[in-house]
Each structure stands twice: as C-alpha cells, then as structure tokens.
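The sequence shown begins at 2 in this note's numbering and counts up one residue at a time. We put the CB at the ideal spot given by N, CA and C, even for glycine.
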Amino acid sequence: MNAGSQFWLNLWREGKTIFHRTEVNPDLSARWASLQLPPDATVLVPLCGKSLDMLWLMEQGFRVIGIELSEQAALQFSEENQLTLVKKIYPQAISYRTKSLTIWVANIFSLDQALIVPADAIYDRAALIALPANLRAHYVRCCLQWLKARGKILLKTMYYDDSEMEGPPFSVADEEIRQLYSNCPIIQNIGETSRQVGEQDPLYARGLRQVTDKVWSLQAQ
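This is the structure in structure tokens:
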C-alpha cells in the first residue's frame, strides 16, 4: 500500500480516520513519568493528528509541539477540544498556537529545522509505524535534529507477520529499531504485549490475527 503524503491527506479529507483513538493511550499515562522530565519540559509529537495524548501532556504541565501533514486534523483538534488556536502562515508551513501548544501543519520531511524549538522529549505513539521502510530512517533523522542532547523518547511500535497484512500500520522488528536509533546510547524495550486481534478491530478485516505491541524508552546522545 502506498502510504505517502497524499494517502494520509485523502484519509483526513474523506473522514477515514479509524486510526484516531478517542481516549488517551494507556501506555502514555502509565509510562511517561519514567522519563523523569522536568515539569515544564517541551514535548515533540510527530505526525500528531488530533491525538488526545497531546491534551494529556498539556494537562501534566508540558509544552507540546505537534507536527501534522493535514490542516484538517489541526482544525478538528481545535474544534473538538474547544481550543482557540492562533494561525500564522509561513512559506512552507502553517502554525496553530495557544499558550502551551503549537501544531505545525507541514510535511515533516521538508519542515525548516529552525522553526521548531528543541524538545526535551519525543512522544511517538504511531508515527514511525505509519511510515514505509524507505522513509523511516529519514523520519528518525528529522526527529532527532529537534531533540536536545540527552533528550528522551517514548516510542510505541508493533510487530506482526507481514504475510497477514500490508501496512500501515507497519510491522517494525526490534533489529530495525536498534539500527534506526543506533546513535542513541540508551534503547530499552520497557513493555511488550502479544494479543489476538479481535473481530471488532479494523485491522481484523485486513487479515491481521496476532500482533505484539511494544513500548521503547530511548535517550539521545
């Protein structure tokens, strides 16, 4: 499946956002404190969509920077959560801001590095696994350039038999995670859950029957 920019823009335009979760991810609320960030830390959320995880991070006192390809996602996030966001247009990006949140509407691969305030941490729930293999290394390089020295990363991935389903979301093996983030001195798998995919899961209709969800904690150089 071609999971390029137009693919995702089409999904948002057509309202086919079954990947959006209507609750805060339990791994975020359960494991975020283990990163031991200062209370006013800045958190980068790449490919953020309209994730409620951003609200949770804001409620904990963090400053949040989201990067999202679809302007429609940013507008829906504002409307659905009664947030007043101030819009500003740049040559290759649009920003929506409030006191503790900035959402950059742009292609992450061409977003000007200078526009993003260096972050203390990155939260990646489903960004890496949304990308095909040929884009993952570029994505990781982009993210790490916006992360402070010794910055933290909480990363969620999934692993499954590729013969069952074609992504996205894509299966990413442990070996690839360690290769992609080889410049990070700390790479720890802090959670792993294997589960049967139930018939109510949208991925069941695409052929997926069993998946292993993984949570990683990383620290940059």
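Can you tell me the Cα-Cα spacing of residue i and residue j, whole angstroms?
i, j, result
"glycine 152", "leucine 112", "20 Å"
"asparagine 135", "proline 39", "35 Å"
"arginine 22", "alanine 150", "31 Å"
"glutamate 80", "isoleucine 95", "17 Å"
"lysine 157", "serine 195", "14 Å"
"alanine 122", "glutamine 220", "9 Å"
"aspartate 54", "aspartate 28", "10 Å"
"valine 46", "tyrosine 160", "22 Å"
"leucine 209", "valine 198", "7 Å"
"glutamate 167", "lysine 215", "19 Å"
"glutamine 73", "glutamate 15", "11 Å"
"proline 203", "threonine 18", "11 Å"
"leucine 181", "tyrosine 91", "31 Å"
"arginine 98", "leucine 86", "5 Å"
"glutamate 206", "glutamate 200", "Note on residue identity: the sequence assigns alanine, not glutamate, to residue 206. Whole-angstrom Cα-Cα distance: 7 Å."
"tryptophan 13", "serine 172", "23 Å"
"proline 169", "leucine 36", "28 Å"
"serine 183", "glutamate 176", "10 Å"
Mark residue i as exposed unless 16 or more other C-beta atoms lie within 10 angstroms of its C-beta, in which case mark it buried.
i, result
"phenylalanine 8", "exposed"
"arginine 137", "buried"
"threonine 43", "buried"
"valine 141", "buried"
"phenylalanine 110", "exposed"
"asparagine 11", "exposed"
"isoleucine 154", "buried"
"isoleucine 117", "buried"
"asparagine 26", "buried"
"serine 6", "exposed"
"aspartate 162", "exposed"
Tell me the DSSP secondary structure of residue i in three-state form.
i, result
"methionine 159", "strand"
"alanine 150", "strand"
"valine 198", "coil"
"asparagine 11", "helix"
"asparagine 184", "coil"
"glutamate 24", "coil"
"glutamine 73", "helix"
"serine 52", "coil"
"alanine 128", "coil"
"leucine 58", "helix"
"aspartate 175", "helix"
"valine 118", "coil"
"serine 6", "helix"
"glutamate 81", "helix"
"alanine 34", "helix"
Just confirm the distance between the C-beta atoms of residue i and residue j, as a whole number of angstroms; I'd bet it's less than 8 Å.
i, j, result
"lysine 51", "phenylalanine 20", "Going by Cβ atoms, the distance from lysine 51 to phenylalanine 20 rounds to 11 Å, so no, they are not a contact pair."
"isoleucine 188", "tryptophan 217", "7 Å"
"leucine 56", "alanine 128", "Not a contact, Cβ separation roughly 17 Å."
When the Cβ atoms of the region 101-118 are set against those of the region 61-71, are three or more pairs found closer than 8 Å?
yes
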